[in-house]
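Okay, so here's the structure we're looking at.
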């Protein structure tokens, strides 16, 4: 059975932000090897390697890399990241900003 290598990318805080295998990765620069092995777990790690999705429903990285091992982040760590996230602009707010910008380009005051 063929052996594959699981790689992760981490952000400056060591949070795992991407996960892939040697089967899909041509260049490993910027990636960290975490495991080698046969089967789907290592061949298709995106859906088979971790018990939960890589990100929470809110878009916060769920895992971190500690001494070469992927571990789930604590509730406190997840909540701290969530508190620091910028709320997305609503479509209506974006539309209003676009209209204001275009009006300003034309010299129109709304």
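Numbering (our numbering), first residue to last: 11 to 120.
Note that CB positions come from ideal geometry on N, CA and C, so glycine has one too.
All values reported here derive from a predicted model rather than from experimental measurement.
By DSSP's assignment, residue 25 forms a beta bridge with 74. In the displayed model, residue 51 falls within a helix according to three-state DSSP.
When C-alpha distances from residue 85 are compared across 70, 98 and 96, the shortest belongs to 70. Counting every other CB atom within 10 Å of its CB across the protein chains shown gives residue 98 a total below 16, marking it as exposed. Between residue 26 and residue 78 a beta carbon distance of about 12 Å is seen, past the 8 Å cut, so the two are scored as non-contacting. Taking a 10 Å sphere around the C-beta of residue 83, we find 16 or more other C-beta atoms and assign the residue as buried.
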